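Numbering (the working numbering), first residue to last: 8 to 383.
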């Protein structure tokens, strides 16, 4: 197949959208498919041998959002894809999907970012109804929309979006593995962050307002606990200042084995964000064998089985996160049981298996488009 991947985010930006797109490209490359990437970020000329075409961008929520460019249609027409994969489509993705609808190119839109929900966190929630209508209009242009969880699929259905299917995310359970707890990297990080053997509680992810990492303040002062924040983003200076006199260690952005070591250094993983459509770092924590504490809303509802693989917290409850972490701090057996169950839960979610499902979605929309053309 020939696949044009149009994404609102790509390397060198690191986030859930980029990570998913990179993993998809790895599968396409290993299977011998042709592909191009159209993205807003400054590219190298290629990735895995696939040409990367740059669009313009504008900052939205301190995040580079792709904007359409005049060459988008000609780029697609010159490549002549069998299908267009629109990752987290917004402005750039909408233009690509409109080209597909007009020219008959099959398309799949992958819903990954609750832009309207994020804007509420940035104080412009009044725009949510308008943005919901915009998102519905974007996905109406696609032949098929893929949602990361059943809960998100239902949410999109309420917006009037049709032909929604669930396509989750994979996790590398070989990289993220409990055995890394004894790796030199994990041991060194534990020595740095919890030098006296304290319980190490951590967050991993982008440091942005919608992630609500500042709620870590609710845990500060727990006896025998120290804290680790792994990641980078626009909120890092504010968070570093806020926790300057607290037992909190910042690592900055990590990737690959260093990231896996950081997970393995933890005793408890905590996630605060309430606008997650999925929650990839939750899966990575589970693969590492960590008990997870997360809000009972959005993506975590699909990933965390309350009392079996982690603890879910009502985000409106002021001391909910603290009570959950204190419960885990007091019970090593519970931590081990939840962590072991969490790893078992994600072992079947490899990126390889996940992306095979995506290829099936590609084939389905291609076949449906050909059938419509044959019937006309």
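Glycine is no exception: its CB is placed at the ideal position from the N, C-alpha and C atoms.
Keep in mind it's a predicted model, so treat the numbers as computed, not measured.
- Along the length of the stretch 317-355, whole beta strand (DSSP E) runs at least 3 residues long occupy 317-320, reported in chain order.
- The beta-bridge partner set that DSSP reports for residue 46 consists of 61.
- Fewer than three pairs of CB atoms, one per stretch, sit closer than 8 angstroms, so the stretch 167-178 makes no contact with the stretch 322-341.
- By the C-beta density criterion, residue 293 is buried, having at least 16 other C-beta atoms within 10 angstroms.
- Excluding its 5 nearest sequence neighbours in each direction, residue 287 has C-beta neighbours in its own chain below 6 angstroms: 23, 176, listed in chain order.
- Using a 10 angstroms sphere on the CB of residue 9, the tally of other CB atoms stays under 16, which defines it as exposed.
- Taken atom to atom, the span from the alpha-carbon of residue 212 to that of residue 267 is near 13 angstroms.
- DSSP places residue 288 outside any beta strand (DSSP E); the residue lies instead in the alpha helix (DSSP H), whose first and last residues are 287-294.
- In the DSSP annotation of this structure, the continuous segment of the beta strand (DSSP E) that includes residue 114 starts and ends at 114-117.
- Rounded to whole angstroms, the gap between the alpha carbons of residue 187 and residue 277 is 19 angstroms.
- Rounded to the nearest whole angstrom, the CA to CA distance from residue 96 to residue 198 is 43 angstroms.
- Restricting attention to alpha helix (DSSP H) runs no shorter than 4 residues, the stretch 146-173 encloses them at 157-165, ordered along the chain.
- For residue 100, the secondary structure class from DSSP, reduced to helix, strand or coil, is helix.
- In this structure residue 77 is exposed. Its beta-carbon is surrounded by fewer than 16 other beta-carbon atoms within 10 angstroms.
- A contact between stretches requires three or more CB pairs, one per stretch, nearer than 8 angstroms, and the stretch 79-95 fails this requirement with the stretch 132-141.
- The Cβ-Cβ distance between residue 102 and residue 138 does not fall below 8 angstroms.
- Proximity to residue 55 across 62, 264, 28 peaks at 28, based on C-alpha coordinates.
- Spatial neighbours of residue 332 in its own chain (CB-CB distance under 8 angstroms, excluding positions within 5 residues in sequence) are listed in chain order as 208, 226, 229, 232, 275, 277, 300.
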